Amino acid sequence: MRAPALSFSHSFSSFLLPGSAKQGEKQPVSAVCPRSQWLYGGATNDYRLKKNGCRCNCDKGDTAGGGCGHGVGSVLTREMFEEMLPYRNDARCPAAGFYTYEAFVAAAKSYPAFATTGDDATRKREVAAFFGQTSHETTGGLGWNAPGGPYAWGYCYNKEIKPKSDYCDQRNQQFPCVPGQKYYGRGPIQLSWNYNYGKFGADIGQQTQLLENPDLLLTDATLSFQSALWFWMTPQGIKPSCHDVIVGAWMPSARDEAASRLPGYGLITNIINGGQCGRGWNAAGEDRIGFYKRYCDMFGVSYGDYLDCNQSNFKKGFVDDMSIKIKSI
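So in this note's numbering, spot 224 of the sequence shown is number 228, and the numbers just go up one at a time.
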């Protein structure tokens, strides 16, 4: 989960964290239905919505991510995807032709809470945050006089260039390294380490396959997006999930507050790559913020508070029963 970064300065704007949508109310036909009414029913969603007194205007082209006008496709359209990542298929990008809108939508169906939680602004902000972080991880802007600006070059890479190690933790016997395999960063979030490949693989029923062949993330774009969404949606040890942070479902403990780990985009950077935190201004952190702000501006939503990662890293092995508390949305 590491990538080249650019050094640019920005003014940081602070806004309140997103609130949650009202739940369980009957709504007119034109309304977007609260996610709690959905029950993740696939083809039966429309029936369940009507049964609960909530109806939507369904559109055949608006069911991406699993739902009647409320799935990922209703938040991130194909046109917006292309506008956000205009150079991903540029000949200068090693991953040209790999990442597709169809693959992203297909992967999102495995994580139905992604971009469907909370009000409209919250859903858009989550997509902006996800692509802000993953665009940094895969940026191709470094070393170029980047056309369109440095934050138009996300999704240029699908694997780590010149990895510093094999990222094999020999101490982890639950997900042991396979001889000859290297677990360096791959995919939109640059999934790294054998234990992460193993955990993700176990979650989708492909633990052995991914440990034996981590390059599967380089040959299957849907699987590649799934790996990033798995990491995004899943609490990482003592860390909350990125999803819970961006939708306002994570509450810091007193210890978190003392360490300046507060709800915001900067905490997501801490979850993904805590080594970039607590060091003051740094180019990598600024790059993550730059992508995020560009996408928020495109969606017309505020950035939220605490964008930078000027906070203490989560301590490995430290367990605080109160450090991850989830409140209902």
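Idealized CB from N, CA, C, for every residue including glycine. In this text the structure is predicted, and so the values were computed from the model without any measurement.
- Reference Tyr310; option with closest CA among Lys243, Tyr269, Asp224, Gly136: Your numbering for residue 310 matches position 306 in the sequence shown. Closest by alpha carbon: Tyr269.
- Which value, in whole angstroms, describes the spacing of the CA atoms of Ala206 and Gln178? In the sequence shown, residue 206 corresponds to position 202, counting from 1. In the sequence shown, residue 178 corresponds to position 174, counting from 1. Their Cα atoms are separated by approximately 11 Å.
- Are the region 111 to 129 and the region 233 to 243 touching by the rule of at least three beta carbon pairs closer than 8 Å? yes
- Could you check if Thr212 is buried or exposed, using at least 16 other CB atoms within 10 Å of its CB as the buried criterion? Working through the sequence shown from its first residue, we reach residue 212 at position 208. Exposed, because fewer than 16 other Cβ atoms sit within 10 Å of the Cβ of Thr212.
- Tell me, please, whether the region 147 to 164 touches the region 83 to 97 by the rule of three or more beta-carbon pairs shorter than 8 Å. yes
- Rounded to whole angstroms, what's the CA-CA distance from Ile242 to Asn274? Just pull it up for me. Sequence index remark: in the sequence shown, residue 242 carries index 238 (1-based). Sequence index remark: in the sequence shown, residue 274 carries index 270 (1-based). For Ile242 and Asn274, the distance between alpha carbons rounds to 12 Å.
- Cutoff 7 Å; reference Gln280; Cβ partners in own chain excluding five residues on either side: For the purposes of this step, residue 280 is taken as the residue at position 276 of the sequence shown. Within the same chain, Gln280 has close Cβ partners Thr273, Asn286, Ala288, Gly289, Cys313.
- Message: Out of Arg190, Pro192, Gln194, Asn198, which one is the CA nearest neighbour of Val182?
- Response: As a first step, residue 182 is located in the sequence shown; it is residue number 178 there, counting from the start. Considering only alpha carbons, the answer is Asn198.
- Counterpart residues of Arg190 in DSSP-defined beta bridges: Sequence index remark: in the sequence shown, residue 190 carries index 186 (1-based). Answer is Lys163, Leu195.
- Task: For the region 292 to 304 and the region 239 to 254, state whether three or more C-beta atom pairs, one from each stretch, are separated by less than 8 Å.
- Result: no
- Query: To the nearest angstrom, how far is it from the Cα of Asn200 to the Cα of Ser78?
  - Reply: Reading the sequence shown from its first residue, position 196 is the one you call residue 200. Reading the sequence shown from its first residue, position 74 is the one you call residue 78. The straight-line gap from Cα to Cα measures roughly 30 Å.
- Item | Leu195 versus Glu141, Leu266, Tyr103, Gly282, residue with shortest Cα-Cα distance | Taking the sequence shown and counting its residues from 1, one reaches residue 195 at position 191. That would be Glu141, whose Cα lies nearest to the Cα of Leu195.
- Task: Whole angstroms is fine: what's the gap from Tyr155's alpha carbon to Arg259's?
- Result: Residue mapping note: residue 155 aligns to position 151 of the sequence shown, counting from 1. Residue mapping note: residue 259 aligns to position 255 of the sequence shown, counting from 1. If you take the alpha carbons of Tyr155 and Arg259, they lie about 34 Å apart.
- Terminal residues of the alpha helix (DSSP H) in which Val249 lies: On the sequence shown, position 245 is the one that residue 249 refers to. Residues 246 to 250.
- Task: Could you tell me the distance, in whole angstroms, from the CA atom of Asn217 to the CA atom of Gln185?
- Result: Sequence index remark: in the sequence shown, residue 217 carries index 213 (1-based). Sequence index remark: in the sequence shown, residue 185 carries index 181 (1-based). When rounded, the distance between both Cα atoms is 7 Å.
- Spell out the partners DSSP gives Gln240 in its beta bridges. Position 236 of the sequence shown, counted from the start, is the residue given in the question as residue 240. Lys243.
- Of the choices Asn317, Gln210, Glu106, Gly191, whose alpha-carbon is the least far from that of Pro244? As a first step, residue 244 is located in the sequence shown; it is residue number 240 there, counting from the start. Closest option to Pro244, Cα to Cα, is Asn317.
- Message: Quick check on this structure: which residue in Tyr307, Ser169, Ala132, Asp291 has the alpha carbon closest to the alpha carbon of Gly144?
- Response: Residue 144 sits at position 140 when you count from the first residue of the sequence shown. Taking only the C-alpha atoms, the option nearest Gly144 is Asp291.
- Item | Simplified DSSP assignment, three categories, for Trp285 | Taking the first residue of the sequence shown as position 1, residue 285 is located at position 281. Coil.
- Message: Taking the alpha carbon of Tyr105 as the reference point, which residue from Gln174, Tyr91, Leu80 has its own alpha carbon closest?
- Response: The count along the sequence shown starts at 1 and reaches residue 105 at position 101. Taking only the C-alpha atoms, the option nearest Tyr105 is Leu80.
- Message: I need the DSSP call for Asp312, collapsed to helix, strand or coil.
- Response: Taking the first residue of the sequence shown as position 1, residue 312 is located at position 308. Here Asp312 sits in coil by DSSP.
- Whole angstroms is fine: what's the gap from Lys319's alpha carbon to Thr226's? Position 315 of the sequence shown holds residue 319. Position 222 of the sequence shown holds residue 226. Approximately 32 Å, taken between the alpha carbons.
- Query: Based on Cα-Cα distance, which residue from Ala100, Gly189, Glu86, Thr120 lies nearest to Val76?
  - Reply: Locating residue 76 in the sequence shown gives position 72, counting from the first residue. Per the Cα distances, Thr120.
- Determine the direct distance from the alpha carbon of Asp123 to that of Phe102, and round the result to whole angstroms. What you label residue 102 is simply residue 98 of the sequence shown in a count that begins at 1. What you label residue 123 is simply residue 119 of the sequence shown in a count that begins at 1. In a straight line, the C-alpha of Phe102 is about 32 Å away from that of Asp123.
- Task: Under the assumption that Val249 contacts Leu222 (Cβ atoms under 8 Å), give the Cβ distance between them as a whole number of angstroms.
- Result: Here residue 249 is taken as the residue at index 245 of the sequence shown, counted from 1. Here residue 222 is taken as the residue at index 218 of the sequence shown, counted from 1. Contact flag wrong, Cβ pair sits at about 29 Å.
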